[in-house]
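J.: Before anything else, here's the structure in question.
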Amino acid sequence: MGPDDWQATLDLALSDRGVVLAGIGIHPFALAGWPEREDAAVLQQLEALLGAPQAPVAIVGECGLDARFVEAIPLSRQRALLDAQLALAQTYRLPIVLHCVRAQDPLLDLLQSFPDIRGLLFHAFGGSLEQARALLRWDAAFSFGGSLTLPSKKRRALVRGLPADRILVETDAPNGPPIRGQDSASNATAAQRIDPASLPAIVATLAAVREESAELWAERSTRNAQAFFGTM
Ligand SMILES: [Zn+2]
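Each residue of the sequence shown is one higher than the one before, starting from 5 at the first, in my numbering.
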């Protein structure tokens with residue numbers, strides 16, 4: 005997600021007003037697409053779209069830090085871009101969707117400069133329950149997708165330990181990890197592309213991890229998302 009995708013994203017939200025919420029931002033992966041000296045101009049372009057009176061922008065992001073790519077894209081550059089986007093989210097009072105891979109501590113560090121920011125959504129959060137608890141100081145929310153269906157004690161402990169109203173579900177389609185069935189003999193299942201129809205399976209897994217009913221979590225995850233994105 006970078007400048008090349010912004011117009012198409014906004015067009016989609018315009019064509020389906022009230023159904024599709026547009027988020028535009030600068031993902032760390034996108035930074036390979038232009039030299040660092042152009043970062044300020046790209047940020048200006050983003051701010052122009054966020055501030056445009058008729059723009060259907062509801063979310064800043066996805067943006068964040070990814071420590072797997074620091075050789076190609078130094079963390080210092082990623083941090084500068086994220087810092088600027090957090091400031092934009094705060095200025096325009098928009099929620100921000102955060103991508104954070106192996107960089108929970110640097111991100112937590114960066115957030116110290118934004119003590120009053122709200123509306124942080126950590127998607128596909130891979131950190132520990134302890135790191136997530138530190139983020140609750142900002143009332144952060146966390147969304148989980150296909151990775152929840154993979155066996156991971158750490159992720160399950162995280163999902164069990166978070167307050168119920170801070171949990172959302174997502175697919176991260178088309179790139180999110182696929183759903184694994186209970187009988188995961190089927191590599192066919194694993195090879196399937198994830199899409200919105202995968203949500204009931206994610207909700208069912210979430211409910212099982214929390215030892216609550218799928219119906220409860222279908223309703224609760226919807227309510228949490230509506231509250232988070234302000235679409236009640
Ligand atoms: Zn991501």
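The C-beta atom is built at its ideal place from N, Cα and C for all residues, glycine as well.
1. If R106 sits next to A71, beta carbons under 8 Å apart, how far is it from one beta carbon to the other, in whole angstroms?
2. What does DSSP give as the partner residues of G27 in its beta bridges?
3. Quick one: is the Cβ of G68 within less than 8 Å of any heavy atom of ligand 1?
4. Measure the alpha-carbon distance for W221 versus E174 and round it to whole angstroms.
5. Extract the residue ranges of the beta strand (DSSP E) inside the region 122-180, only unbroken runs of 3 or more that lie entirely within it.
6. Could you tell me the alpha carbon to alpha carbon distance between F148 and A91, rounded to whole angstroms?
7. Closer than 8 Å: is that where the CB of A128 sits relative to any heavy atom of ligand 1?
8. Just grab the DSSP bridge partners of V101 for me.
9. Beta carbon of D176: closer than 8 Å to some heavy atom of ligand 1?
10. Spatial neighbours of T153 within its chain, please: CB distance less than 6 Å, with the 5 preceding and 5 following residues excluded, ordered by chain position.
11. Closest to D120 by CA distance: which of Q94, N179 and H31 is it?
12. Kindly identify the DSSP beta-bridge partner or partners of D70.
T.: Quick answer:
1. 4 Å
2. I63
3. yes
4. 13 Å
5. 124-127, 145-148 and 171-173
6. 25 Å
7. yes
8. G65 and L125
9. yes
10. I183, R184 and T209
11. Q94
12. V105
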